[in-house]
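Residues 14 to 97 in the working numbering are what the sequence shown lists, from first letter to last.
Think of the CB as a built atom: it goes at the ideal place given N, C-alpha and C, for glycine as much as any other residue.
What follows is a set of notes on a single structure, which appears directly below.
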Amino acid sequence: MAISPTSIRILLVEDDELFRLGLVTRLSQEPGLDVAGEAEDGETAIAYVNQQLFDVVILDVGLPGIGGIEACHQIKKFIHNYQS
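See the structure below:
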């Protein structure tokens, strides 16, 4: 699928590889959606958000290591600081 300049950039965070692959496959079929990053844990998700901008983060709450809730708090804090 060709990526348009107005595509919604998605970071998909899911530790179950098969489920993540299914989501990527399905989301990639939708025009205007770009799964621009994938992570299997909260630490990697936070690192991705610190490196590039995403429009949407789809985040599993039951992640190994830093859980999804804590990752969400840290991502939200980073976005708030970035926008200030």
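Shortest alpha-carbon distance to Gly45 belongs to which of Gly78, Val69, Lys89 and Gly81? On the sequence shown, position 32 is the one that residue 45 refers to. The shortest Cα separation from Gly45 among Gly78, Val69, Lys89 and Gly81 belongs to Val69.
In three-state DSSP terms, what is Leu46? Your numbering for residue 46 matches position 33 in the sequence shown. Residue state, collapsed to three classes: strand.
Measure the C-alpha to C-alpha separation of Gly75 and Ser41 and round it to an integer number of angstroms. Translated into the one-based positions of the sequence shown, residue 75 becomes position 62. Translated into the one-based positions of the sequence shown, residue 41 becomes position 28. Computed Cα separation, rounded: 24 Å.
Hey, how far is the Cα of Glu53 from the Cα of Asp28? The residue given as residue 53 occupies position 40 in the sequence shown. The residue given as residue 28 occupies position 15 in the sequence shown. Taking the straight line from one Cα to the other gives about 4 Å.
Assuming Leu24 and Val62 make a contact with CB atoms under 8 Å, what is their CB distance in whole Å? As a working mapping, residue 24 is identified with position 11 in the sequence shown. As a working mapping, residue 62 is identified with position 49 in the sequence shown. With 8 Å as the limit, Leu24 and Val62 qualify as a contact, their Cβ atoms being about 7 Å apart.
In chain order, what residues of the same chain have a beta carbon less than 8 Å from the beta carbon of Ile92, not counting five sequence neighbours either side? The sequence position of residue 92 within the sequence shown is 79, counting from 1. Closer than 8 Å at Cβ, skipping near neighbours: Val62.
What is the residue span of the alpha helix (DSSP H) that Val37 lies within? Residue numbering aside, residue 37 sits at position 24 when the sequence shown is read from its first letter. Note, Val37: alpha helix (DSSP H), Glu30 to Ser41.
So within the region 45 to 74, which uninterrupted alpha helix (DSSP H) runs reach at least 4 residues, ignoring any that extend past its ends? 55 to 64
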